Amino acid sequence: MSKGRGRENPWLAGALGRIVFANSRADTFLGARYRRLARRRGKPKAIVATGNSVLTVLYHLLSDPDTEFCDLGPGYYESPINKHRRARDLAPSLQALTGQHLVIRDGRAVITDIAA
1 MSKGRGRENP WLAGALGRIV FANSRADTFL GARYRRLARR RGKPKAIVAT GNSVLTVLYH
61 LLSDPDTEFC DLGPGYYESP INKHRRARDL APSLQALTGQ HLVIRDGRAV ITDIAA
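Heads up: the sequence shown at position 20 corresponds to 20 in the UniProt record's numbering, and the numbers run straight through without jumps.
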């Protein structure tokens, strides 16, 4: 699999890039998505990935006239479900660092006893 870009439409890519740049600082789901991806993968890849999300939204809006756009909001990625999952996923690392046995209750780590 090559890392090079394919034979896409450069005018569409440019327009999507401008849309993403306009949304990059907006307090919306797409703005939060861009900022989240830019931190992890870098700005160029975040622009392309968020542009693909914009294109998917546009496709669904244009293909079905009854479809309405509902922004999920900038806090979508920080939902309580994700906080509980993150606490659960980080518990083994914290347990390995401290040597103490941890149990996750309601999204919080509780120290129970020394690990055997």
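Ideal Cβ positions, reconstructed from N, Cα and C, are used throughout, including at glycine. Treat the numbers as computed from the prediction; the structure is a model and nothing was measured.
V110 - partner residues in DSSP beta bridges
Counted from its first residue, the sequence shown places residue 110 at position 110. Answer is V103.
Using the Cα positions of S24 and F69, report the straight-line distance between them to the nearest angstrom.
Position 24 of the sequence shown, counting from 1, holds the residue named residue 24. Position 69 of the sequence shown, counting from 1, holds the residue named residue 69. The straight-line gap from Cα to Cα measures roughly 18 Å.
Find out if the Cβ-Cβ distance for the pair I104, R88 is shorter than 7 Å.
In the sequence shown, residue 104 corresponds to position 104, counting from 1. In the sequence shown, residue 88 corresponds to position 88, counting from 1. Yes; because the gap between Cβ atoms is below 7 Å, this pair is in contact.
Anticipated Cβ contact below 8 Å, F29 with G73, distance rounded:
Numbered from 1 along the sequence shown, position 29 holds the residue referred to as residue 29. Numbered from 1 along the sequence shown, position 73 holds the residue referred to as residue 73. Sure, about 6 Å apart at Cβ, within 8 Å.
Quick check on the DSSP output: the alpha helix (DSSP H) that includes R18 runs from which residue to which?
Here residue 18 corresponds to residue number 18 of the sequence shown, with the count starting at 1. 10-23 is the extent of the alpha helix (DSSP H) around R18.
Where in the stretch 22-65 do unbroken runs of the alpha helix (DSSP H), each at least 4 residues long, occur, reported from the N-terminal end onward?
Listed in chain order, the complete alpha helix (DSSP H) runs (minimum 4 residues) inside the stretch 22-65 are 29-41, 43-63.
Please say whether Y34 and V48 have beta carbons closer to each other than 7 Å?
One-based indexing of the sequence shown puts residue 48 at position 48. One-based indexing of the sequence shown puts residue 34 at position 34. Against a cut-off of 7 Å, the Cβ pair of Y34 and V48 comes out as no contact.
Once the 5 residues before and after Y77 are set aside, which same chain residues still bring their CB inside 7 Å of it?
Looking up residue 77 in the sequence shown gives position 77. So the qualifying residues of the chain are A32, R36.
Is T67 near L58, with beta carbons less than 7 Å apart?
Numbered from 1 along the sequence shown, position 67 holds the residue referred to as residue 67. Numbered from 1 along the sequence shown, position 58 holds the residue referred to as residue 58. No, Cβ-Cβ distance for T67 and L58 is not below 7 Å.
Measure the alpha-carbon distance for P10 versus A38 and round it to whole angstroms.
Here residue 10 corresponds to residue number 10 of the sequence shown, with the count starting at 1. Here residue 38 corresponds to residue number 38 of the sequence shown, with the count starting at 1. Rounded to the nearest angstrom, the two C-alpha atoms are 21 Å apart.
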